[in-house]
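All remarks here apply to the structure that follows.
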Amino acid sequence: MSRLLRVFLLSSVLVGVAMGNAWGQEAANQRAIFAVFLNNEGPVDTALSISNTLAAPLDIGEVLATSFANTQGTLEFYLWDHDGNMTFYETGPESPGVGLSEQGTLGPGQTYRVLLSEILRAADHLGSFAGYGWIIANFDGVQGTANVTDFSGFTQTTVLKPDMGSLFFVDSASAGLPLVSPN
Amino acid sequence: MTFRKDPGGMKLSLTGSVETLRIFPSLGWKAGMNFFLFLALFSNLASTARLPDLEEAVQCYWDYLLQRQKSRALEFVLPESRDHFLSRREPFFRSWRLLQLEAKSNRDYVVTTSVERLMLGSYYNWKVREHWFLRDGRWRVQINDSVAERRRHWQRSTPIRPRQGVLDVLPASLRIHFLSRRPEAALIIRNGLDEEVEVVEVNYDATSFDLVRRPRVVASGRSGKITLRYQGRETKKNLTGRVDLLLRWGSKEKSFSIPVQYNYLSPGARALLGLTREEADRLAPADRLTPRMTPPGEEETKSPPGSSPQDWGHPPLDRPDKENR
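The listed protein sequences derive, respectively, from chains A and B.
Number 103 in numbering that gives the first Met the number 0 belongs to position 104 of the first sequence; there are no gaps in the numbering.
Number 166 in numbering that gives the first Met the number 0 belongs to position 167 of the second sequence; there are no gaps in the numbering.
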């Protein structure tokens with residue numbers, strides 16, 4: 000990527016953040032991804048993989064790793080089950096799964112793997128779960144998959160939405176829906 | 000080979016070029032070495048003699064699996080592994096071949112086979128390593144609980160351990176979330192020192208928190224947990240406070256001051272739930288929450304650059320004329 004183009008892209012992102020963007024008034028350094036279906040009934044569980052995509056090849060990485068970007072942070076799970084009740088969990092030092100730091104954060108280029116049943120247990124959710132979820136990353140680029148599986152030969156994989164590059168924003172090389180809180 | 004008794008023990012004579020061995024109750028080093036060499040040769044011959052039995056068992060087992068005769072392959076599975084074997088689903092394969100027999104002992108072998116397996120529409124060679132054991136004169140394979148084995152790749156196997164020579168407290172800041180079912184948070188004291196650490200003081204705002212758990216000492220190489228529970232008296236969100244710890248070991252002391260955010264609702268949560276700050280402050284624990292992420296209306300805002308086809312040099316989309324259909 001030419002130097003001029005890189006400067007243009009960085010300036011555009013800076014202007015967008017400084018002036019607020021089309022979605023609202025407060026730009027939060029958080030990105031959200033959506034899991035269409037999560038299930039842990041009977042022999043089935045959902046194996047989640049969530050990646051911090053802020054480690055990337057040269058040109059893309061220079062756009063992403065700007066000085067104002069959050070490159071590392073925790074994950075927040077917002078899970079709605081079949082009757083509309085919400086369960087919440089944020090990762091920390093004693094979180095289940097594999098791939099987090101000892102503070103419970105996910106660093107650039109790292110991937111967190113965890114079972115839905117273990118997240119639910121850590122969140123004091125009783126019983127099984129069938130529903131959907133939003134996963135909010137406290138960093139600026141997130142991607143993931145949800146794998147509904149019985150670990151015996153059946154697995155159905157869905158990519159968490161929106162996936163990388165699917166949004167028409169200047170910083171579409173990162174992933175996840177940028178979140179803006181109403182004032 | 001002949002045996003002759005004499006007062007000193009038994010003399011073993013061998014004909015031919017082999018030196019005569021004297022076996023006495025207290026063996027000389029030369030005789031002892033020869034004796035053990037003889038034993039090693041004998042045991043090696045014995046185990047080698049069992050390999051054709053093992054190969055035959057492996058052959059039958061895999062041939063039955065290839066023919067989808069799982070009930071007949073079952074007789075080559077260890078009794079304690081049969082439930083796992085019956086509950087697992089073998090992927091389809093069209094051929095197999097034996098690659099290696101690796102002896103762990105003369106009754107325990109690791110057998111490696113290559114299986115031509117169907118995956119994603121094509122056949123691929125897939126290595127399978129299994130333990131075979133000789134029991135009651137028969138070779139049988141051990142089958143592990145494949146479900147548990149696959150699940151463990153998604154599960155943390157070891158807790159966070161103290162670092163050698165380091166006394167620290169995790170996390171660097173505490174958050175007690177408004178949306179959590181249990182409004183608690185825990186500090187973990189990791190004692191990587193060579194002596195036990197005493198928890199001398201825990202200072203916190205007793206009008207807002209209860210101290211649910213507090214260890215008196217943390218042993219060397221272990222971790223201890225301090226748990227705070229928020230009493231939930233305020234409606235205002237995103238309140239801040241501190242927890243101060245004083246730890247002592249021998250004649251030394253160390254203090255930690257941990258910032259605490261409580262009744263916490265993150266900006267991302269507000270964005271997800273569509274709540275302004277005032278609405279978030281009025282939110283009660285019993286309120287039913289649903290995501291309300293709605294984009295702004297077209298007349299209110301300008302679309303972000305690159306979001307319409309014209310920005311990329313394409314003509315606008317033509318809508319079909321209903322009257323001309």
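Here a beta-carbon is modelled for each residue, glycine too, at the ideal position from N, C-alpha and C.
With a threshold of 9 Å between beta carbons, alanine 129/A makes no contact with chain B. Of all alpha-carbon atoms in Val141/A, Thr104/A, Thr110/A, Thr90/A, the one lying nearest the alpha-carbon of isoleucine 118/A is that of Thr90/A.
Restricting attention to Arg181/B, Glu200/B, Leu53/B, the CA atom closest to the CA of valine 140/B is found in Leu53/B. Counting only unbroken stretches of 4 or more residues, the alpha helix (DSSP H) elements lying wholly within the stretch 119-179 of chain B are 145-150, in sequence order. With a 10 Å radius around the Cβ and a threshold of 16 neighbouring Cβ atoms, proline 56/A comes out exposed. Under the three-state reduction of DSSP, aspartate 107/B is assigned to strand. Under the three-state reduction of DSSP, phenylalanine 75/B is assigned to helix.
The C-beta separation of leucine 37/A from leucine 115/A comes to about 5 Å, placing the pair in contact by the 8 Å criterion. Counting along the chain, serine 254/B sits inside the beta strand (DSSP E) bounded by residues 251-263. DSSP places glutamate 200/B in the uninterrupted beta strand (DSSP E) bounded by 196-202.
Chain-order list of chain A residues neighbouring leucine 271/B: Ala31, Tyr77, Trp133, Ile135, Leu178, by C-beta distance under 8 Å. As DSSP reads the structure, glycine 240/B sits in a beta bridge with Val259/B. In the DSSP assignment, alanine 268/B falls within the unbroken alpha helix (DSSP H) covering 266-272. Annotated as proximal: histidine 176/B and leucine 264/B, with beta-carbon spacing under 9 Å. Each residue's CA atom was taken as its position, placing threonine 73/A and leucine 178/B some 16 Å apart.
In this structure the stretch 190-204 of chain B does not touch the stretch 276-290 of chain B; the number of beta carbon pairs closer than 8 Å is below three.
Comparing alpha-carbon positions, the option among Lys235/B, Val76/B, Ile187/B lying closest to valine 217/B turns out to be Ile187/B. Three or more beta-carbon pairs drawn from the stretch 150-168 of chain B and the stretch 219-226 of chain B are found closer than 8 Å, and the two stretches are therefore classed as touching. Within chain B, no residue has its beta carbon less than 9 Å from that of glycine 175/A; the closest one is some 10 Å off. Contact between threonine 111/B and tryptophan 61/B is absent: CB atoms are separated by about 12 Å, not below the 8 Å threshold. Contact between the stretch 142-149 of chain B and the stretch 230-247 of chain B is absent: fewer than three C-beta pairs spanning the two stretches fall below 8 Å.
Between arginine 215/B and valine 198/B, the alpha-carbon positions lie close to 5 Å from each other. Cβ contact annotation for tyrosine 122/B (same chain, cutoff 6 Å, sequence separation greater than five): Glu115, in chain order. The Cβ of valine 127/B sits no closer than 9 Å to any Cβ of chain A.
Per the coordinates, the alpha-carbon of valine 179/A lies some 29 Å from the alpha-carbon of threonine 156/A.
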